[in-house]
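In the numbering used here, the protein residues as written are 344 to 438. Single-structure report; data block below.
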């Protein structure tokens, strides 16, 4: 585990310390939770799902073509009519 040293405003420190005490936990635990929340903002829903599953010891195995294969799939359906193009475009839009 790594250690992080940060300078914070005295008022902010006092408020965080009071909040941690009111919740019956350490200031370190409170700050860790806040930092985890900020780091989670960078994750996509898929990344968050995989991370949470891994924390529970579950390995998720994706099914279907990867996102990288989608352009090839679209190209392979060229000239087949709009139905297949619409389905693939919808699928791409959901990602």
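Even glycine gets a Cβ: it sits at the ideal position worked out from N, Cα and C.
Proximity of residue i and residue j at Cβ, strictly below 8 Å
i           : j           : result
residue 370 : residue 378 : no
residue 383 : residue 391 : yes
residue 399 : residue 417 : no
residue 435 : residue 413 : yes
residue 386 : residue 394 : yes
First and last residue of the uninterrupted alpha helix (DSSP H) at residue i
i           : result
residue 369 : Premise fails: residue 369 is in no alpha helix (DSSP H) and is neither H nor E.
residue 420 : Looking at the DSSP string, residue 420 is not in any alpha helix (DSSP H), and its letter there is neither H nor E.
residue 436 : 425-437
residue 346 : First-last for residue 346: undefined, no H or E at that position.
residue 388 : 388-398
Assumed close pair residue i, residue j - CB separation to whole angstroms, cut-off 8 Å
i           : j           : result
residue 372 : residue 363 : 7 Å
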